[in-house]
Amino acid sequence: MDLILNYVNQFDGIKREWIYEFTEYMKTKHPDIKPVLWFRMPTYRIGTLFFAFSVTQNHFTFHTNDEECMEILKRSLQHASFGKRSAKMKYKYKSETYVIYNMIEFIVNKMCRL
0 MDLILNYVNQ FDGIKREWIY EFTEYMKTKH PDIKPVLWFR MPTYRIGTLF
50 FAFSVTQNHF TFHTNDEECM EILKRSLQHA SFGKRSAKMK YKYKSETYVI
100 YNMIEFIVNK MCRL
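Each residue of the sequence shown is one higher than the last, beginning at 0 in numbering that gives the first Met the number 0.
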């Protein structure tokens, strides 16, 4: 876990706030799913499913290879932009983070069935 804490601590301000919030959520709600740094991002993986978090100057990104999750995100996040396996949220849209938390639980439930 020290690697994740070191990752979080390299940021400041809003970037640190967002990445800390999501990594702490996982640490508290799902301590059995141990994160790794994959492509320099906190990543949670079981079997072939994964999700990860990253931050940039202007946005937070939620990454996943779960196609069903990505389709739900596209329908649910009004202010996000999307890549093939990612949803990017500008920091000013914090009110939509509940969607990401719901998708984390959605994916964790799938992971537990593997």
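Glycine is no exception: its CB is placed at the ideal position from the N, C-alpha and C atoms.
{"Query": "First through last residue of the alpha helix (DSSP H) which encompasses Ser75", "Result": "Glu66 to Ser75"}
{"Query": "Bridge-paired residues (DSSP) for Met40", "Result": "Trp37"}
{"Query": "Same chain only: Cβ atoms within 6 Å of Ile99, ignoring 5 sequence neighbours per side", "Result": "Phe61"}
{"Query": "Neighbourhood of Ser75 by C-beta distance below 7 Å, restricted to the same chain and skipping five residues each side", "Result": "Val98"}
{"Query": "Rounded distance between the beta-carbons of Val54 and Ile18, thought under 8 Å", "Result": "5 Å"}
{"Query": "Length of the line joining the Cα atoms of Lys109 and Ala51", "Result": "15 Å"}
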